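Numbering (UniProt numbering), first residue to last: 1 to 504. Beta carbons are placed, not taken as given, at the ideal position from N, Cα and C, and that holds for glycine. Just so it is clear, the structure is predicted and the values come from calculations on it, not from any experiment. Single-structure report; data block below.
Written out as structure tokens, the structure reads:
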């Protein structure tokens with residue numbers, strides 16, 4: 001814990017010390033004058049740490065500072081010097097100069113770029129990899145961290161730096177950690193060719209798995225989109241609704257439309273200023289799907305009935321049935337987002353990126369094959385590389401064929417919905433459907449909230465009506481009381497007969 005500065009000593013000031021002894025004077029108060037010389041001792045004031053502020057020019061008009069400058073406030077200058085002065089630090093530095101000079105770090109001989117050397121040293125410490133492990137892996141083809149291999153290739157010494165490292169014959173301990181590491185590396189034949197091949201060997205499987213997953217997603221997305229009954233029903237609803245709105249115009253009587261039209265449905269608003277064409281279409285689909293689902297569940301219709309029967313006017317139009325249709329249909333339509341989840345994943349796949357990755361893999365395979373041919377001596381690395389190249393060749397060949405097949409499937413899917421499509425129209429198709437599904441999900445959520453709110457309101461109103469009816473019933477006389485009032489003779493006769501029966 002830092003001790004607070006001592007209070008000023010109330011003693012008579014000593015005689016003026018010689019110049020240079022200002023640091024030994026007793027504590028006293030100061031009003032903060034700007035002079036460099038102590039007014040009492042005549043010695044130079046102790047230099048303090050600077051306080052950076054925006055100093056104002058001498059004001060021409062009267063300001064608050066005119067009153068403050070004549071104030072009585074004084075501060076403890078000795079305490080201030082001990083807290084913010086430079087003297088103690090300077091003394092400490094001068095007193096330890098001999099010791100610090102002995103402890104100063106060794107100046108290493110620099111051969112490669114300083115920044116490159118620093119980054120490489122940091123990485124070697126972070127990955128906790130020894131030079132011996134790296135050398136063994138490069139010679140025998142063992143696995144190393146991908147990050148290390150990538151960094152070694154990025155920070156490979158230039159031709160000039162490599163020559164200097166080879167020719168250096170002095171004390172290796174005088175080199176920095178990065179230089180010592182690279183000095184050992186460049187003495188290995190084709191060290192960086194080996195590192196390049198080793199990186200390819202380690203990273204290929206991950207690259208292949210990523211490409212396979214992307215191609216599989218595209219294939220599933222194509223099949224699900226083409227075979228989705230509900231999505232096709234939505235397209236049918238939009239086509240028929242749009243033709244009805246465009247009757248009498250050149251846009252009417254359309255046989256098909258581009259799917260990006262789906263994203264414009266929310267732009268068309270009804271006369272109430274709230275309901276959009278998308279709201280209308282979704283509500284109609286919900287009603288239609290609700291009727292269809294309930295009919296299938298009830299199993300009360302024969303197989304002669306067709307799907308089109310769900311849209312006829314024979315459905316029950318009572319409020320309870322309409323609510324059931326809407327609730328059931330809403331579940332069906334809301335499930336379209338889950339059904340086409342693979343389409344949403346396919347929308348973010350970069351086809352050009354896939355093709356570029358395959359090209360890079362083919363190039364790396366070619367380089368590895370050429371390097372293998374240049375290796376004259378048999379070694380563990382040569383055997384490992386030869387076996388890897390054989391497997392990699394088969395994997396990359398299969399990936400190329402699969403990529404061509406899947407991209408042809410994507411294009412045919414785009415043609416199925418858009419007619420003759422451009423090169424990347426298929427992937428754009430997935431993006432359009434994804435955006436439409438987001439809009440659909442939002443509308444379904446709004447309809448669900450509105451339906452739930454309306455149901456609660458009706459339930460609350462129904463309870464109130466029931467309570468009113470019960471109160472009315474309790475206030476009305478019973479049937480027996482009415483009969484007694486209307487027919488007292490009959491009531492007396494009933495009492496007599498009951499007494500007779502008790503006597504018996």
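Annotation: residue 404 to residue 163 spans about 46 Å, alpha carbon to alpha carbon. Counting only runs of 4 or more residues that sit fully inside the region 219–294, the alpha helix (DSSP H) segments are 229–245, in chain order. Here the alpha carbon of residue 441 sits roughly 27 Å from the alpha carbon of residue 412. Your pair residue 369 and residue 217 does not check out as a contact, with CB atoms roughly 31 Å apart and the cut at 8 Å. Shown here for residue 147: same chain residues with a beta carbon closer than 8 Å to its own, the five before and five after excluded, namely 123 and 127 in chain order.
Put simply, of 447, 222 and 415 the residue whose alpha carbon is nearest the alpha carbon of residue 347 is 222. In the structure shown, the three-state DSSP call for residue 44 is strand. Separation of the CB atoms of residue 324 and residue 354 is rounded to 47 Å, and the pair is thereby denied contact status at 8 Å. Only buried fits residue 111, as 16 or more other CB atoms lie within 10 angstroms of its CB. Within the region 352–395, no run of beta strand (DSSP E) reaches 3 residues while sitting entirely inside it.
Annotated three-state conformation of residue 112 is coil, per DSSP.
Only residues of its own chain outside the window of five on either side were considered, and among them 200 have a CB closer than 6 Å to the CB of residue 364, listed in chain order.
Annotation for residue 420: no alpha helix (DSSP H) segment contains it, and DSSP assigns it neither H nor E. Rounded to the nearest whole angstrom, the CA to CA distance from residue 159 to residue 210 is 36 Å.
In the same chain as residue 279, and ignoring 5 residues on each side of it, the C-beta atoms closer than 7 Å to its own belong to 443, in chain order. Inter-residue distance for residue 109 and residue 174 is about 6 Å (C-alpha atoms, whole angstroms). Taking a C-beta distance under 9 Å as the contact criterion, residue 153 and residue 213 do not qualify as a contact pair.
Here residue 118 has no same chain residue with a Cβ atom under 6 Å from its own Cβ, once five neighbours each way along the sequence are excluded. Selection 129, 297, 260 and 251 evaluated against residue 434 yields 260 as nearest (Cα-Cα).
Within the same chain, 252 come within 6 Å of residue 246 by CB-CB distance, once the 5 residues on both sides are set aside. The straight-line gap separating the alpha-carbon atoms of residue 229 and residue 249 is approximately 30 Å. Boundaries of the alpha helix (DSSP H) harbouring residue 341: 341–346, taken from the DSSP string.
Shown here, residue 144 sits in coil according to DSSP, grouped into three states, outside any helix or strand. A straight line joining the alpha-carbon of residue 265 with that of residue 333 spans about 17 Å. In the displayed model, residue 170 falls within coil according to three-state DSSP, outside both helix and strand. In the DSSP assignment, residue 129 falls outside any alpha helix (DSSP H) and carries neither an H nor an E.
Here residue 427 is not near residue 399, since their CB atoms are 9 Å or more apart.
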